[in-house]
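Report on the structure given below.
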Amino acid sequence: MSRFFATGSDSESEESSSADEITPKASGTTFNKQVLLLSDDEEDTKRIVRSAKDKRFEELTNLIKTIRNAMKIRDMSKCLEEFEQLCRAFNKSKTIVDKEGVPQFYVRLLADLEDYLNQLWEDKEGKKKMNKNNAKALSTLRQKIRKYNKEFETEIASYKENPEQSADEEEEKDEIESGSSSESDDEGEDDGATAKSFMKKKPQEEEKKAPEASKFLKGAADEESESDDDDDDDDDDEHWGSDSVDSGSDSDDNEGTAASLAVAFLKKTQDGDKPSDRKKDPKKKRVQKIDRLVEGGEEEGGEGEEGGWEKVKGGVPLVKEKPKMFAKGTEINTAVVIKKLSEILQARGKKGTDRAAQIELLHALAGIANENNLGEGILVKIKFNIIASLYDYNPNLAAFMKADMWKKCLECIDELLDILFNNTNIFIGENIAEDSENLAVSDQPFRVRGCILTLVERMDEEFTKIMQNTDPHSQEYVDNLKDEGHVCGIIDRLLQYLETKGSTEEVCRVYLRRIMHTYYKFDYKAHRRSLGLQGETKSEQDQEESEGEDSAIIMDRLCKFIYAKDRTDRIRTCAILCHIYHHALHSRWYQARDLMLMSHLQDNIQHADPPVQILYNRTMVQLGICAFRQGMIKDAHNALLDIQSSGRAKELLGQGLLMRNMQERNAEQEKIEKRRQVPFHMHINLELLECVYLVSAMLLEIPYMAAHEFDARRRMISKQFHHQLRVGERQPLLGPPESMREHVVAASKAMKMGDWRTCHSFIINEKMNSKVWDLFPETQRVREMLVRKIQEESLRTYLFTYSSVYDSISMGTLSEMFELELPTVHSIISKMIINEELMASLDQPTQTVVMHRTEPTSLQNMALQLAEKLGGLVENNERVFDLKQGIYGGYFNRDQKGGYQQKQGYQRVPELRGGYHQKQGYQRDQKGGSYQQKQNYQRGGYRGQNQGSY
Numbered sequence: 007m008s009r010f011f012a013t014g015s016d017s018e019s020e021e022s023s024s025a026d027e028i029t030p031k032a033s034g035t036t037f038n039k040q041v042l043l044l045s046d047d048e049e050d051t052k053r054i055v056r057s058a059k060d061k062r063f064e065e066l067t068n069l070i071k072t073i074r075n076a077m078k079i080r081d082m083s084k085c086l087e088e089f090e091q092l093c094r095a096f097n098k099s100k101t102i103v104d105k106e107g108v109p110q111f112y113v114r115l116l117a118d119l120e121d122y123l124n125q126l127w128e129d130k131e132g133k134k135k136m137n138k139n140n141a142k143a144l145s146t147l148r149q150k151i152r153k154y155n156k157e158f159e160t161e162i163a164s165y166k167e168n169p170e171q172s173a174d175e176e177e178e179k180d181e182i183e184s185g186s187s188s189e190s191d192d193e194g195e196d197d198g199a200t201a202k203s204f205m206k207k208k209p210q211e212e213e214k215k216a217p218e219a220s221k222f223l224k225g226a227a228d229e230e231s232e233s234d235d236d237d238d239d240d241d242d243d244e245h246w247g248s249d250s251v252d253s254g255s256d257s258d259d260n261e262g263t264a265a266s267l268a269v270a271f272l273k274k275t276q277d278g279d280k281p282s283d284r285k286k287d288p289k290k291k292r293v294q295k296i297d298r299l300v301e302g303g304e305e306e307g308g309e310g311e312e313g314g315w316e317k318v319k320g321g322v323p324l325v326k327e328k329p330k331m332f333a334k335g336t337e338i339n340t341a342v343v344i345k346k347l348s349e350i351l352q353a354r355g356k357k358g359t360d361r362a363a364q365i366e367l368l369h370a371l372a373g374i375a376n377e378n379n380l381g382e383g384i385l386v387k388i389k390f391n392i393i394a395s396l397y398d399y400n401p402n403l404a405a406f407m408k409a410d411m412w413k414k415c416l417e418c419i420d421e422l423l424d425i426l427f428n429n430t431n432i433f434i435g436e437n438i439a440e441d442s443e444n445l446a447v448s449d450q451p452f453r454v455r456g457c458i459l460t461l462v463e464r465m466d467e468e469f470t471k472i473m474q475n476t477d478p479h480s481q482e483y484v485d486n487l488k489d490e491g492h493v494c495g496i497i498d499r500l501l502q503y504l505e506t507k508g509s510t511e512e513v514c515r516v517y518l519r520r521i522m523h524t525y526y527k528f529d530y531k532a533h534r535r536s537l538g539l540q541g542e543t544k545s546e547q548d549q550e551e552s553e554g555e556d557s558a559i560i561m562d563r564l565c566k567f568i569y570a571k572d573r574t575d576r577i578r579t580c581a582i583l584c585h586i587y588h589h590a591l592h593s594r595w596y597q598a599r600d601l602m603l604m605s606h607l608q609d610n611i612q613h614a615d616p617p618v619q620i621l622y623n624r625t626m627v628q629l630g631i632c633a634f635r636q637g638m639i640k641d642a643h644n645a646l647l648d649i650q651s652s653g654r655a656k657e658l659l660g661q662g663l664l665m666r667n668m669q670e671r672n673a674e675q676e677k678i679e680k681r682r683q684v685p686f687h688m689h690i691n692l693e694l695l696e697c698v699y700l701v702s703a704m705l706l707e708i709p710y711m712a713a714h715e716f717d718a719r720r721r722m723i724s725k726q727f728h729h730q731l732r733v734g735e736r737q738p739l740l741g742p743p744e745s746m747r748e749h750v751v752a753a754s755k756a757m758k759m760g761d762w763r764t765c766h767s768f769i770i771n772e773k774m775n776s777k778v779w780d781l782f783p784e785t786q787r788v789r790e791m792l793v794r795k796i797q798e799e800s801l802r803t804y805l806f807t808y809s810s811v812y813d814s815i816s817m818g819t820l821s822e823m824f825e826l827e828l829p830t831v832h833s834i835i836s837k838m839i840i841n842e843e844l845m846a847s848l849d850q851p852t853q854t855v856v857m858h859r860t861e862p863t864s865l866q867n868m869a870l871q872l873a874e875k876l877g878g879l880v881e882n883n884e885r886v887f888d889l890k891q892g893i894y895g896g897y898f899n900r901d902q903k904g905g906y907q908q909k910q911g912y913q914r915v916p917e918l919r920g921g922y923h924q925k926q927g928y929q930r931d932q933k934g935g936s937y938q939q940k941q942n943y944q945r946g947g948y949r950g951q952n953q954g955s956y
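Quick note, the sequence shown lines up with residues 7 to 956 if you use our numbering.
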């Protein structure tokens with residue numbers, strides 16, 4: 007083992023010795039390993055003590071550099087952390103600041119940081135993309151910087167008044183400091199042990215050898231610190247070559263170190279390069295170059311007319327290159343443009359593709375095609391791809407389009423429709439293959455592959471997503487809703503186009519889109535015309551409004567076309583539901599009811615997809631509200647029963663999600679259901695809906711409860727209404743009603759007593775009017791109908807409750823008591839007698855109601871209830887006794903062949919086939935209890951395991 011290690015050490019020593027003999031080149035000077043290796047004692051002797059000002063300011067500049075780097079990548083947490091350290095470092099250098107004044111670079115950072123944070127705060131989309139930590143740090147840092155900057159208001163104000171002069175003064179100070187710092191050894195950061203030791207060995211000797219190079223490097227460092235684009239300096243590339251040292255990101259304090267390193271490692275000047283050429287100030291040269299580019303439009307890389315400079319407010323001009331399309335001198339024709347279009351589209355959908363840049367390229371390509379008059383065919387094809395790229399900008403289905411992209415999309419669709427309307431020789435369709443397209447000007451008519459209907463449908467879906475993801479109580483929602491007029495205008499234009507050039511299926515699809523934007527809107531113009539509110543003196547605006555076509559006529563025309571021509575059940579189903587909804591919204595109850603009954607949708611709607619089911623629920627609810635407005639209380643209750651009894655009206659109408667267990671709905675299902683939600687402007691008021699349902703239930707349930715007060719088999723018409731009554735009864739302290747439900751419960755209690763005035767005051771008052779009744783179009787008519795119904799149902803309840811007290815009662819008295827006309831009272835009582843609800847007869851000459859006393863009194867009713875309960879108790883006792891004896895059918899179940907099989911503790915005797923030997927048969931009694939013996943039975947065949955044998 008020792009010999010093995012010995013040989014290994016020899017080989018290693020040989021390699022190291024051979025490596026020592028290699029002499030690296032640096033600025034024409036050869037040196038060996040001994041030059042680079044210095045002892046620690048020598049390093050200590052070479053150190054130079056710096057002033058406190060230099061140390062403190064160096065610490066501040068390093069922290070400022072870190073903060074600016076964090077600002078570039080939007081790392082707010084890092085910014086906050088470094089800013090706190092910067093404040094502490096500034097407090098430490100307070101004595102120096104008091105003598106020298108606040109450094110300009112510190113003021114510049116405070117001003118820039120505050121502007122940067124304010125810009126980030128206003129960028130709502132950028133804030134949404136931030137993670138939680140960055141967003142929290144942004145809020146904290148913004149508050150701190152605003153509070154901290156109050157101490158430096160005058161310095162910041164003077165800086166903002168003349169930022170360029172402040173920057174120039176700061177740069178001059180930096181140059182002076184960097185010039186003085188080049189003579190010291192410890193100004194820069196640690197650039198590695200080898201370079202540092204070399205720099206400390208002979209810094210002054212090397213500077214003597216190459217003074218021009220060091221001066222030139224200082225100018226280059228100043229130049230590179232002003233701009234982030236290192237590729238712009240073509241002259242520098244020629245002088246430096248490929249092995250130049252990259253010092254563009256070094257701070258001002260490191261310029262001395264960079265100069266020494268450059269002296270050590272730069273190559274010798276090439277032949278033909280004169281040192282006098284480098285004496286020119288590169289900063290001045292760069293400013294002149296920028297002026298030429300801005301004024302004359304000179305290209306930086308000789309690309310022709312593709313690249314250029316653009317002036318930017320409040321800073322150094324930035325380079326903004328236009329996308330490079332074609333090489334200089336290329337002949338622009340249809341084939342070249344189509345080839346370039348296919349190249350752009352090949353990057354579509356690939357990872358790392360800049361979608362915004364792709365959209366700009368397509369816009370530029372469309373401009374080039376338009377400038378060179380390549381025809382409308384190629385322009386239509388490019389427009390199709392631009393709109394498709396705008397839709398692909400957000401790859402996530404749940405994400406919605408940003409405002410600027412949405413505006414661009416609407417503009418592009420309008421431009422595309424303008425081209426199609428102005429040029430009748432363009433044929434578009436999905437069935438046109440790409441090989442058979444005609445896009446050249448000479449090959450007219452143009453044939454372009456694409457479907458304008460699909461683009462418009464996607465635009466409509468994007469509009470719905472925008473409205474779903476906007477806060478409905480903000481001004482932004484109102485602003486976005488104004489775009490619906492533009493969307494409807496585009497759909498109307500497409501409708502006109504497809505009516506002449508589209509197929510029947512496409513026409514049905516675009517008709518449905520138009521219907522979906524019409525069915526839920528109340529037509530106030532038609533409503534005013536129907537009421538005759540527009541008199542002889544009409545203003546010009548009223549005349550223009552009255553000339554428009556009624557929405558009822560539009561709906562009727564579009565829906566009937568779909569009924570006749572559509573071949574898909576879904577479009578026809580949606581059209582029928584929208585038509586019913588529109589009829590119900592405008593109080594056309596009989597048309598809506600008949601259309602619903604003739605469609606038979608209620609039989610198979612459970613097989614439809616969820617959006618259609620939501621539309622069906624919305625239609626049924628609107629139908630019930632329409633019936634209520636018309637005074638058809640029973641129909642209204644029946645229409646609203648299924649939705650309201652479920653307790654999930656909000657979810658069934660697509661107006662929000664209820665909090666559920668994660669077992670019932672996972673995160674993915676929740677996202678899908680959120681995409682099905684109806685936008686806020688299409689919502690149905692849930693409080694109005696519940697109030698209509700509870701009032702309808704009250705008008706039906708209270709008279710029924712009074713008529714069947716002592717009936718044990720009484721059924722409930724509305725479980726939800728009874729639940730509200732029980733909640734009201736459980737309250738320990740009854741105060742004046744506050745919520746809508748409490749008003750209905752209080753009104754129900756008053757109606758039970760036949761007090762219609764109190765009931766009326768609880769249902770119709772200022773609070774209920776503002777919450778519910780004022781939301782109806784015909785408010786006064788609805789209130790009058792409600793008062794009438796309350797009077798009639800209170801009369802029926804009074805007769806049911808107190809009929810046993812009266813021998814006879816005058817109809818005139820009832821008419822005065824309930825403020826109803828005498829014929830109305832006569833009609834109500836006659837119906838009750840005919841339906842056998844009231845045992846009485848009418849004495850026509852005296853106008854009285856004579857009670858017959860056929861119904862039992864309250865004491866008799868209670869006795870009947872007691873007898874029925876006792877009978878049930880006896881029956882239960884008999885069943886329990888039979889169970890103990892083993893006779894009741896709980897121990898035995900009849901098998902399929904008619905015998906009895908054992909269920910718990912009995913086993914069949916094998917020699918006997920039957921359980922019970924029956925002479926004639928068993929007969930079940932009327933109440934469904936045990937089996938009773940009919941004539942003569944013989945027990946046998948079963949032997950008990952524990953309780954003996956039978």
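We put the CB at the ideal spot given by N, CA and C, even for glycine. As the structure is a computational prediction, the values presented were derived from the model and not from experiment.
| Item | Value |
| --- | --- |
| Test item: CB-CB of Cys494 and Lys571 under 8 angstroms | no |
| Delimiting residues of the beta strand (DSSP E) encompassing Thr574 | Unbroken run through Thr574: none, as it is neither H nor E. |
| Exposure of Arg654, with buried meaning 16 or more beta-carbon neighbours within 10 Å | exposed |
| Boundaries of the alpha helix (DSSP H) in which Asp410 is found, first to last residue | Ala409 to Asn428 |
| Close Cβ partners of Leu351 (< 8 angstroms) along its chain, the five nearest in sequence each way excluded | Asn391 |
| The ligand ATP heavy atom lying under 7 angstroms from the CB of Val698 | With respect to the ligand ATP, the structure offers nothing, as it holds no ligand at all. |
| Local conformation of Met331 per DSSP, three classes | coil |
| DSSP-derived helix/strand/coil call for Ile438 | coil |
| Bridge partner(s) assigned by DSSP for Ala846 | Met857 |
| Cβ shell of Arg148 (< 7 angstroms), same chain only, five flanking positions each side left out | Leu123 and Trp127 |
| Per DSSP, cross-strand counterpart(s) of Val816 | A small fix is needed here, since residue 816 is Ser in this sequence, not Val. Beta-bridge pairing links Ser816 to Thr854. |
| Cut-off 6 angstroms between Cβ atoms - residues of its own chain near Ser821, not counting five sequence neighbours on either side | Leu828 and Val831 |
| Cβ pair Gly381, Ala446 closer than 8 angstroms | yes |
| Start-to-end residues for the alpha helix (DSSP H) that takes in Val698 | Leu692 to Ala713 |
| Other residues of its chain near Phe824: CB distance less than 7 angstroms, five sequence neighbours each side excluded | Trp762, Gln797, Ser800 and Leu801 |
| Three CB pairs or more closer than 8 angstroms across the stretch 853-867 and the stretch 805-821 | yes |
| Thr863 classed as buried or exposed, judged by whether at least 16 other C-beta atoms fall within 10 angstroms | exposed |
| The stretch 694-704 in contact with the stretch 716-736 per 3-pair CB rule at 8 angstroms | yes |
| DSSP three-state assignment for Val447, whether helix, strand or coil | coil |
| Beta-carbon spacing of Lys389, Ala372 below 8 angstroms | yes |
| Contact check, Val108 vs Glu161, beta carbons under 8 angstroms | yes |
| Selected residue, minimal CA-CA separation from Leu629, among Leu876, Tyr526 and Glu842 | Tyr526 |
| Contact under 8 angstroms by Cβ, Val627 with Ile586 | no |
| C-alpha gap between Glu213 and Ser57, whole angstroms | Here Glu213 scores only 43 on pLDDT, less than 50, and its place in the model is too uncertain to base an answer on. |
| Closest Cα partner of Ile611 within the set Tyr622, Leu603 and Gln786 | Tyr622 |
| Proximity below 8 angstroms, CB of Phe158 to CB of Leu115 | no |
| Where Arg654 falls: helix, strand or coil (DSSP) | coil |
| Alpha-carbon to alpha-carbon, Lys531 and Val811 | 55 angstroms |
| Buried or exposed by the 16-neighbour rule on C-beta atoms within 10 Å, applied to Asn882 | exposed |
| N- and C-terminal bounds of the alpha helix (DSSP H) containing Arg114 | Gln110 to Glu128 |
| 8 angstroms contact criterion, which Ala713 and Lys758 should meet: CB distance rounded | Rounded, the Cβ-Cβ distance is 12 angstroms, inconsistent with contact. |
| From Lys134, Leu119, Tyr165 and Ser164, residue whose alpha carbon lies closest to that of Lys153 | Leu119 |
| Segment limits, alpha helix (DSSP H) that includes Phe887 | Ser864 to Gln891 |
| Endpoints, the alpha helix (DSSP H) within which Val627 is located | Pro616 to Arg635 |
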